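In what follows, a structure is listed as structure tokens, so that the remarks can point back to it.
Take a look at the structure:
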């Protein structure tokens, strides 16, 4: 019951801050808290917004077969992942990369981006194109296993295709042996 009230703070007595930073937080934060810091609040989001707004951008990118994703620093507004883009960096998704592995890389990228942003902050940013917005829903434990299972199946399919291709290719050593046998049989 007490968890239903996510913020037990006295909104009128919030601390004086320059900026607040939010990373991977799955709830909408009240506007009064977002706007309390002098420069507002920023969010590090693990997708190239406006694509994959919401709770599971890493898993959604993998499940959708994306080959590229990234990190976005956005100015937070009282709407899910819809604030102005303050910084953005792209990265490739490796063919055999799992969601935890990708998230670890994105966390490192996001941390580096945040340090650079805070050294020379610009809070204006560019608005997001709402027509390009897509949403990722919260993924349960069973669904979290699915991207890894799909990746394992894709790897198995690639290995099977490589094996078939290798079987169809002539073996240069076998050709040499056949030619030697022919020469030995023809004196």
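Residue numbers (the numbering used here): 8 to 194.
We treat Cβ as the ideally placed atom computed from N, Cα and C, and that holds for glycine.
Remember, it's a predicted structure, so these values are computed and weren't measured experimentally.
Assuming residue i is part of the alpha helix (DSSP H), what are its boundary residues?
i, result
"residue 94", "Run containing residue 94: none in the alpha helix (DSSP H); it sits in the beta strand (DSSP E), 92-99."
"residue 117", "106-126"
"residue 40", "38-41"
Is residue i buried or exposed, if buried means 16 or more other CB atoms sit within 10 Å of its CB?
i, result
"residue 66", "buried"
"residue 77", "buried"
"residue 109", "buried"
"residue 119", "exposed"
"residue 127", "exposed"
"residue 134", "exposed"
Between which two residues does the beta strand (DSSP E) carrying residue i extend?
i, result
"residue 82", "75-82"
"residue 71", "That residue, residue 71, is in no beta strand (DSSP E); it is neither H nor E in DSSP."
"residue 51", "48-52"
"residue 27", "27-30"
Given a cut-off of 8 Å, decide if residue j and residue i are closer than it, judged by their beta-carbon atoms.
i, j, result
"residue 140", "residue 57", "yes"
"residue 72", "residue 83", "no"
"residue 88", "residue 52", "yes"
"residue 24", "residue 40", "no"
"residue 97", "residue 55", "yes"
"residue 94", "residue 124", "yes"
"residue 79", "residue 100", "no"
"residue 33", "residue 62", "yes"
"residue 143", "residue 59", "yes"
"residue 44", "residue 26", "yes"
In whole angstroms, what is the alpha-carbon distance linking residue i and residue j?
i, j, result
"residue 28", "residue 48", "6 Å"
"residue 30", "residue 50", "6 Å"
"residue 107", "residue 46", "32 Å"
"residue 74", "residue 117", "19 Å"
"residue 86", "residue 146", "20 Å"
"residue 105", "residue 136", "29 Å"
"residue 198", "residue 121", "Any question about residue 198 goes unanswered here, given that the chain covers just 8 to 194."
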